[in-house]
Amino acid sequence: MVATDEEAVARPESRAERKEQTRRAILDAALRLCEGSSLVALSLRQVAKEVGIVPTGFYRHFESIEDLGLALVDESFVSLREMLLDVRVHDPAYDDLIDSSIDVLVEHVHAQQAHFAFIAREREAGPPAVREAIARSIELFERELASDLQRLPGTDAWTTEDLRILSNLFVTALVATAVAVLHASDDPEEEKRLVESARTQLRMVLVGALSWRSDR
């Protein structure tokens with residue numbers, strides 16, 4: 000028998016559901032508490048107090064503050080990677096790839112401002128394990144993009160290293176754009192200028208890329 004809406008509402012939450020809600024509350028609390036500083040200044044006691052659990056309750060979800068930070072890194076990058084991968088699958092042309100990638104990036108920054116602010120801070124000032132995780136996530140972007148660029152017209156004869164260099168230029172520009180859009184979130188005109196500048200920058204890179212030959 001299929002449960003009615005009323006029965007679903009009345010059904011008590013399972014232990015797994017309550018555990019997931021607490022885990023989510025811990026992640027959200029960490030994002031709030033380190034807004035003005037860094038994860039290195041955050042203690043699990045602060046997080047536990049913010050959530051309303053005892054400090055030992057923290058360990059039912061994360062091994063340490065660094066472990067919590069690694070989970071936030073994963074959250075910040077996974078959905079963006081999936082969205083950008085979808086762009087690359089459906090937009091094989093260079094101009095479409097640039098425009099769609101920037102549009103997706105800006106949309107994601109607006110939807111996940113706290114996560115992007117976290118990445119921007121922790122990339123430079125976070126615990127070593129978190130900084131390394133962010134660097135690995137960005138490197139993964141580059142490897143995936145390099146693989147996809149090989150399918151585009153004009154790059155089929157490029158060396159792996161040249162594809163990596165072009166991918167690095169793309170990802171570096173996108174990361175810089177994300178940070179700039181984050182800082183300009185209260186100024187729509189400045190954000191528009193930044194986005195258009197990023198589009199132009201990447202198109203200029205591609206003008207040179209389209210005439211590049213790896214045997215030079």
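In case it helps, my numbering puts the sequence shown at residues 0 to 215. Glycine is no exception: its CB is placed at the ideal position from the N, C-alpha and C atoms. As the structure is a prediction and not an experimental result, all values here were calculated from the model.
Under the criterion of beta carbons closer than 8 Å, leucine 181 and valine 103 do not qualify as touching, at roughly 15 Å. Our two residues, glutamate 62 and arginine 198, have alpha carbons roughly 42 Å apart in a direct line.
Across the structure, alanine 113 and valine 174 are spaced so that their CA atoms are roughly 15 Å apart. C-alpha of leucine 67 to C-alpha of glutamate 138: approximately 21 Å in a straight line. In this structure, the beta-carbon distance from threonine 21 to valine 50 falls below 8 Å.
In this structure, DSSP gives valine 53 a state outside helix and strand, which the three-state scheme calls coil.
Close CB contacts of valine 53 within its chain, under the 8 Å cut and outside five residues either way in sequence, are with Ala47 (chain order). Around arginine 130, the same chain offers Glu121, Arg122 as residues with beta carbons nearer than 7 Å, after the five sequence neighbours per side are excluded. Counted as a single uninterrupted DSSP element, the stretch harbouring threonine 158 is not any alpha helix (DSSP H), since DSSP gives it neither H nor E. Per the coordinates, the alpha-carbon of isoleucine 97 lies some 17 Å from the alpha-carbon of arginine 142.
Glycine 125 sits in coil when the DSSP states are folded into three classes, being neither helix nor strand. When secondary structure is reduced to three states using DSSP, aspartate 186 falls in the coil class, being assigned neither helix nor strand. For glutamine 20, the uninterrupted alpha helix (DSSP H) segment begins and ends at 14–32.
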